[in-house]
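The numbering of the sequence shown is the working numbering, which starts it at 437 and goes up by one.
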Amino acid sequence: MRKKGLLSGLALTMLLLLGGCLFRPPDDLYRQPEKSAGYEKLNAAIRMVRTGLEAEFGTQVEDVTIVAGDNTASIQLQDLDGDGVRESAVTFLRVPGIEKPIKIYIFSQIGEEYVVTGVVEGEGTAIHAIDCAQINGGGRKELAVNWQINTGAYQLGVYTLDDIPLQGLEGEEEDQLTAIRALSRADLMGDELLLTRCSVASDGSSGSRLLDMDRDTRTEVLVTRMDSGGATSQVELFGWQDGALASIASADLSAGITAINRVRTNYLAGEYDQPALYVTSTLADGSRVIDILSYVNGTFTNAALDETGLSRELLQGYTDINPADVNRDKVAELPSPYPLPSYGESASSNFWLIDWAQYDERGNRNHVITTYHNVSDGWYLIIPENWRDQITISRNDQVTGRREVVFSRWRGENQEPVPFLSIYRMASSRSTGLEEDGWIILREEENIAYAASFHRSGWDCGLDELDLLERFNTIQRSWYNE
């Protein structure tokens with residue numbers, strides 16, 4: 437039930453809020469920016485709501501903190517009718533000392549005025565995350581709110597605005613305003629479709645996600661729950677069935693997890709862009725596991741789980757690595773680090789190579805590439821297959837302002853390795869003239885330069901300058917579709 441007549445104009449108003457300062461007289465650049473009439477009207481409508489709540493409950497109304505996610509602003513623009521225009525303004529208030537103290541108000545614009553066209557209420561001390569999506573297949577999008585009940589306790593609520601009596605408000609603006617303002621908060625209250633316990637990862641990422649998991653154009657709700665006993669942690673899938681949001685499937689996470697560290701959405705490899713949920717967790721011994729929840733051959737399952745109830749994606753020893761789109765094909769790769777041999781006084785290796793694999797739509801695990809990741813210096817190198825079991829790595833930081841990683845040919849525990857390649861990180865000011873000395877400039881970023889040089893070793897490593905340029909990359913701090 438899209439209401440074009442009463443919801444038009446808000447996007448234009450918000451564009452006016454973003455007016456720049458190009459071509460203004462010099463004196464104007466030192467003045468406080470003027471607020472648009474639309475901005476003032478919206479703030480006046482919000483103040484009216486706050487004043488009404490304070491008068492009704494006899495207490496001061498507070499702003500609500502949104503802790504995580506993509507939507508953390510105190511006033512947000514949302515496209516709730518799905519036409520591509522963010523026509524609704526949403527704000528978040530808290531009335532201390534009452535049942536369901538957090539109030540989410542949705543405003544729409546009629547002419548030059550803003551009116552409340554929806555309200556959602558919930559328990560909690562804050563909102564961990566909020567999102568909206570078309571879940572029931574019609575009308576306005578539903579709101580999914582991850583309520584923070586208290587420290588470490590969360591609930592996911594899903595609410596629809598479709599039953600709010602706004603039908604028939606297509607007449608004159610004054611008539612529309614009069615009709616909507618006559619509605620009480622109870623009339624404007626969204627209906628609760630789901631309220632269920634939900635976990636939050638230690639990195640702050642929400643354990644709930646909105647995804648079209650079965651690719652039927654309708655969004656499903658995934659809820660991650662960790663069992664404090666470590667036995668039955670799982671992801672439950674909710675979808676629209678028979679006029680209600682119902683549990684339609686669930687899949688276990690790895691047995692024995694003691695903490696959820698990270699929750700991300702991405703895809704499985706294949707031609708259909710099958711959505712998947714990647715959950716990184718910690719086991720009691722400190723190792724980490726990565727579970728992959730998705731539809732495989734028509735069944736919602738944990739594609740990484742083996743017959744023992746544990747994910748095949750087990751990280752031991754080197755756990756400071758996460759799934760990442762290393763080959764930049766928009767599908768996540770799973771890391772499997774293994775240590776390199778070391779020579780000299782060190783009894784154990786501090787250097788690792790990482791095999792990266794993808795899961796496809798049939799649940800098969802396929803090796804993609806191998807890399808050396810230098811997290812501290814912010815770069816990685818794609819390792820040729822003929823280097824496997826043939827190399828070791830060491831550092832040389834003796835030159836001030838230059839950090840060197842040395843790749844050497846491994847000749848066994850009793851023979852000193854022979855260097856064949858060095859990669860350097862340095863201030864860009866130090867890179868001048870390096871090419872004249874036979875060095876290769878790999879990348880320059882702001883004040884940092886990366887360079888390389890081949891050593892005479894008698895071993896053909898299989899790379900030339902162009903190969904090295906293609907295989908070298910800087911580490912991206914963000915991951916596709918986080």
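Glycine included, each C-beta is placed from N, C-alpha and C at the ideal position. What you are looking at is a predicted structure, and each value in this text was computed from that prediction instead of being measured.
Give the straight-line distance between the Cα atoms of residue i and residue j, rounded to the nearest whole angstrom.
i: leucine 776; j: isoleucine 542; result: 57 Å
i: isoleucine 571; j: glycine 547; result: 30 Å
i: threonine 596; j: leucine 681; result: 11 Å
i: alanine 562; j: glycine 593; result: 13 Å
i: asparagine 697; j: arginine 892; result: 45 Å
i: serine 812; j: leucine 658; result: 34 Å
i: glutamate 821; j: arginine 522; result: 50 Å
i: alanine 491; j: leucine 579; result: 28 Å
i: leucine 465; j: tyrosine 475; result: With a pLDDT of only 44 at leucine 465, under 50, the local geometry of the prediction cannot be trusted, and the value read off the model is given with reservation. Approximately 20 Å, taken between the alpha carbons.
i: alanine 589; j: arginine 748; result: 29 Å
i: phenylalanine 459; j: asparagine 507; result: Bear in mind that a pLDDT of 42 at phenylalanine 459, under 50, signals an unreliable position, so the number given afterwards is only what the model happens to contain. The alpha-carbon atoms of phenylalanine 459 and asparagine 507 are separated by roughly 33 Å.
i: glutamate 743; j: glycine 734; result: 20 Å
i: glycine 445; j: glutamine 545; result: Confidence is the limiting factor: at glycine 445 the pLDDT is only 49, short of 50, which leaves the residue's position unreliable, though a coordinate-based value still follows. The straight-line gap from Cα to Cα measures roughly 7 Å.
i: isoleucine 819; j: proline 771; result: 14 Å
i: glutamate 656; j: glutamine 584; result: 22 Å
i: leucine 647; j: valine 835; result: 51 Å
i: tyrosine 795; j: tyrosine 708; result: 13 Å
i: leucine 751; j: alanine 685; result: 28 Å
i: glycine 533; j: valine 485; result: 18 Å
i: aspartate 623; j: valine 699; result: 37 Å
i: threonine 979; j: tryptophan 875; result: Because residue 979 is not part of the residues shown, which for the chain are 437 to 918, the question remains open.
i: glycine 518; j: valine 551; result: 20 Å
i: valine 901; j: leucine 878; result: Before going further, note that residue 901 is glutamate rather than valine in the sequence given. In a straight line, the C-alpha of glutamate 901 is about 9 Å away from that of leucine 878.
i: valine 477; j: leucine 513; result: For clarity, residue 477 is lysine in the given sequence; the question names valine instead. Whole-angstrom Cα-Cα distance: 15 Å.
By the DSSP assignment, the alpha helix (DSSP H) with residue i in it spans what residues?
i: glutamine 612; result: 609-617
i: glutamate 901; result: 901-907
Using C-beta distances below 6 Å, list every residue in its chain close to residue i, excluding the 5 sequence neighbours before and after it, in chain order.
i: cysteine 897; result: Phe856
i: serine 858; result: Glu840, Val842 and Ser889
i: serine 669; result: Met662, Asp663, Leu689 and Ile693
i: leucine 817; result: Tyr808, Arg907 and Phe908
i: phenylalanine 787; result: Leu776 and Ile829
i: aspartate 627; result: Thr596 and Asp599
i: isoleucine 482; result: Thr527
Tell me the DSSP secondary structure of residue i in three-state form.
i: aspartate 721; result: coil
i: phenylalanine 493; result: helix
i: serine 683; result: strand
i: methionine 484; result: helix
i: tryptophan 823; result: helix
i: threonine 910; result: strand
i: leucine 658; result: strand
i: glycine 573; result: coil
i: leucine 478; result: helix
i: serine 772; result: strand
i: serine 664; result: coil
If you follow the beta strand (DSSP E) that residue i is part of, which residue opens it and which one closes it?
i: asparagine 786; result: Note, asparagine 786: premise wrong, no beta strand (DSSP E); not H, not E.
i: glutamate 578; result: 578-586
i: threonine 807; result: 801-810
i: serine 690; result: Per DSSP, serine 690 belongs to no beta strand (DSSP E) and is neither H nor E.
i: serine 407; result: A question about residue 407 goes unanswered here, because the residues of the chain that appear run from 437 up to 918.
i: tyrosine 886; result: 884-890
i: glutamate 672; result: 670-677
i: tyrosine 779; result: Looking at the DSSP string, tyrosine 779 is not in any beta strand (DSSP E), and its letter there is neither H nor E.
Short of 8 Å in beta carbon distance, which residues of its chain neighbour residue i, apart from the five on each side in sequence? Order them along the chain.
i: glutamate 849; result: Pro777 and Tyr779
i: glycine 722; result: Thr755
Below 8 Å on the Cβ atoms is my guess for residue i versus residue j; work out the distance and round it to an integer in Å.
i: glycine 799; j: alanine 739; result: 5 Å
i: valine 671; j: leucine 713; result: 6 Å
i: glutamate 797; j: glycine 706; result: 4 Å
i: glutamine 577; j: alanine 569; result: First, the residue type needs correcting, since residue 577 is lysine and not glutamine in the sequence shown. Contact holds; Cβ gap of about 6 Å.
Less than 8 Å between CB atoms is the rule here; does residue i satisfy it with respect to chain B?
i: glutamine 752; result: Judged by its chain identifiers, the structure shown contains no chain B, having just a single protein chain.
Give every residue of the same chain whose Cβ lies closer than 7 Å to the Cβ of residue i, excluding the five residues on either side of it in the sequence, and list them in chain order.
i: leucine 448; result: With a pLDDT of only 44 at leucine 448, under 50, the local geometry of the prediction cannot be trusted, and no value is derived from it.
i: valine 762; result: Glu769, Trp792, Ile805 and Thr807
i: isoleucine 728; result: Ala712, Tyr714, Asn738, Ala739, Ala740 and Tyr795
i: asparagine 586; result: Thr561
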